[in-house]
Every structure is written in C-alpha cells, then in structure tokens.
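For reference, the structure is listed below as structure tokens.
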Amino acid sequence: MSRNFLVIDPEEGIEVLKGLASPVRVKMLKLLHVEGPMNGNDIAEKLGLPQSTVSTNLQILEGAGLIRTETQKARKGNQKICHSTFDEVLVMFKDDIEPLRDNTIEVSMPLGLYTSCEVSAPCGLCSTEGIVGLLDVPDTFLDPDRMKAGLIWFTRGFLEYQFPNNAKLAQHTIDAMEFVLELSSEVPGTSADWPSDITLSVNGTEIGTWLSTGDFGDKRGVYTPSWWKLKGSQYGKLKSWRVTKDGTYVDGMKISPVSLLDLDLANHHSIRLRIAVKPDAKHPGGINIFGRGFGNYDQDIILRLHTAP
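Heads up, the sequence shown is in full-length UniProt numbering, so the first residue is 1 and it goes up one at a time.
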C-alpha cells in the first residue's frame, strides 16, 4: 500500500486552495483518482463538459501541482495524459515559529500527520481513546482518524513526514539538524531481546540506521493509557538523531558519514523525514513509534534546526 498526501498551510499553499475552489475541478480530480490517468477528450466526454472548459481547468490544476501530465503518442500526433498527483490534501494551520534564544528552531510533528506511507502487517495505530480502524490492515493507515494517533507500529515499510524548512524561510544558516523521537522494535506481545534496524532518511538520502534492541513491556509506559493492554508495547527509547557538518550521530555516537553538505538543505523548502524498516534489513524486527499520550515521553516527533548565531 502506497499513497500520496499533500499537507499545506493556507498561507503558503494558496494556489492549491484556488485549484480546489471549483466544483468542476473537484469533479475532474475525483474522476482521475477513481478511474486513473486519461486525456482531456476522455475527461470532457465522461463529465459532459466542453473541451475548452476542461482544457482551461486542467491548466489551473497542473499549475497548482494537483495533477501532472505526460505526452504520449496517439494514432494522429501526440496526446497529453493527465495523472492525479495526490490521494489526499490536508490543510493545516501552522503557528509562526521563531528561533529560540539558543539559535534553535523547533517543530513538533504529530505522529499521525505523515504525508506518505507504505507498511505491512502486523501493523496498527491507536489514539489515547482507542484503536484506530482495524488492526493488521495496512489500509487503516489512510483512516482520517490517524491524525489522533499516539502510537504507530508496523513490520516493514515506512512513514514519511514533511516538515517546513523554517531556517530557509528565516534566512538562517543551519549548523546542525536534530530529530528526537521515541522508538522500539515491534514483536507480537513484547520482548526485550528483539533487534530491529530502523533507518532514517532526509529528502531521499539515508542518514543512517540505528539498531533497536527490543520491544519493551516489562512495565507500563509513564504516559501509556490504562486501557492499553500490558502485554502490548509500553515504551521505547528516546533517540536523538543529529546531522552535522561532519556526519550523522545517534545520542552522540557517529553512525554514518552523511553530513549537512550531502543534504543541501538550503535548496529545499521542506525537510522530508522517512522512518523505515527496510525490506533488506539485517535485523527486520519491526518498529513502534510513540507520540503524545504513549510511552515514557509525552512528545511527538521533534525537529530542531540549530542555526548559526
């Protein structure tokens, strides 16, 4: 299962909102989403619209990034095929984030606000109120209630989150980038001896792999709600992944040579974090990600950008 999501702030994504602000364009997007790629003539025929209307609105949708087009050979000349770009568009109001006194910009990302996912069972999500959707059904990761998730687990695959690059917006130079999140392996029940290789990537570049030693259930997590069964995963390890000018570190120990220079963050408006258990992992022991209301730390996924004074 793989789906594409777009998360926008209305102040930054006004063109996307304009693209959606038309019943005709919404019908066109739904058609492409349900029936797959097609050319303008087919769209006009399916919706009973004039070709000129379809052409004008396709230009608006393409300009907003809501569709993409490709040229293919037809019986006579070429034809333009239209593809729906996103399966879901999420609108999120983001507070203005100012650098802290120690030249640090911090963003906290709710666990359920991933922008792309591909997972395999056993898997699931739950909020502080209960299970989200169905257990061990990957399509549950598309449930709108995922936004409430405080605990997510899966065996193989990834979740990807899109953070704003507020250092670029504020025209600050990044000296170090840090992700802080609570993680453990995942096994049916729990086991303190259940190794798993957990890999993080940023904007498509792997920054390194950390070996989780187990899935912990010897005692209830400090914030784990009382309804969550004790035989389930209770807490993880709070890990700090830090990328500097000379490499990537987990809790101060260097794990890879990937540096800020390799990531070229100054040329990216967003920072895409992918958390994965790769298909070819040496220790494919699954993953639990703990957020607010679960585990030993009442926090979501934190990004810190340490900037030059």
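Every residue gets a Cβ at the ideal spot worked out from N, C-alpha and C, and that includes glycine. Nothing here was measured: the structure is a model prediction, and the numbers come from that model.
In this structure, Thr-224 is the residue among Trp-210, Thr-224, Ile-198 and Arg-220 with its C-alpha nearest to the C-alpha of Glu-129.
In the structure shown, the three-state DSSP call for Asp-262 is helix.
In this structure, the straight-line span from the alpha carbon of Trp-241 to that of Val-202 is close to 11 Å. At a cut-off of 3 residues, the continuous stretches assigned as beta strand (DSSP E) that sit fully inside the segment 183-235 are 196-202 and 205-212. Classified as exposed, Ile-14 has fewer than 16 neighbouring CB atoms from the shown chains inside 10 Å of its CB. The residue among Thr-248, Leu-183 and Ala-276 with its C-alpha nearest the C-alpha of Tyr-297 is Leu-183. Remark: C-beta atoms of Pro-164 and Val-107 approach each other more closely than 8 Å. For Leu-238, the three-state secondary structure derived from DSSP is strand.
Under DSSP, Asn-39 forms a beta bridge with Ile-81. In this structure, Ala-149 lies near Gly-291, with their beta-carbon atoms less than 8 Å apart. The DSSP-derived three-state label of Asn-288 is strand.
Distance between Gly-133 and Leu-151, taken at the CA atoms: about 13 Å.
Secondary structure in the segment 143-181: the alpha helix (DSSP H) runs of 4 residues or longer, each lying completely within the stretch, are 166-169 in chain order. DSSP places Gly-124 in the uninterrupted beta strand (DSSP E) bounded by 124-126. For Thr-53, the uninterrupted alpha helix (DSSP H) run begins and ends at 51-63, by DSSP.
Between the beta-carbon of Val-250 and that of Trp-210 there is about 5 Å, and that keeps the pair under the 8 Å contact cut. Cβ contact annotation for Met-147 (same chain, cutoff 8 Å, sequence separation greater than five): Pro-110, Gly-112 and Leu-113, in chain order. Nearest neighbour of Ile-289 by Cα position, chosen from Ser-22, Ser-84 and Val-277, turns out to be Val-277. With 16 or more other CB atoms across the displayed protein chains lying within 10 angstroms of its CB, Leu-125 is buried. Taking the CA atoms as reference points, Lys-219 sits about 16 Å from Leu-238. Our two residues, Gln-79 and Asn-41, have alpha carbons roughly 9 Å apart in a direct line.
Looking at Gly-214, Leu-66 and Cys-82, the one whose alpha-carbon comes closest to that of Gln-72 is Cys-82. About 5 Å separates the Cβ atoms of Thr-104 and Arg-304, confirming a contact at the 8 Å cut-off. For Gly-19, the enclosing alpha helix (DSSP H) has its first and last residue at 14-20. Distance from Thr-173 to Asp-262 at the Cβ level is roughly 16 Å; contact not present, criterion being Cβ atoms closer than 8 Å. Annotation: the continuous beta strand (DSSP E) that includes Gly-247 extends over 247-250.
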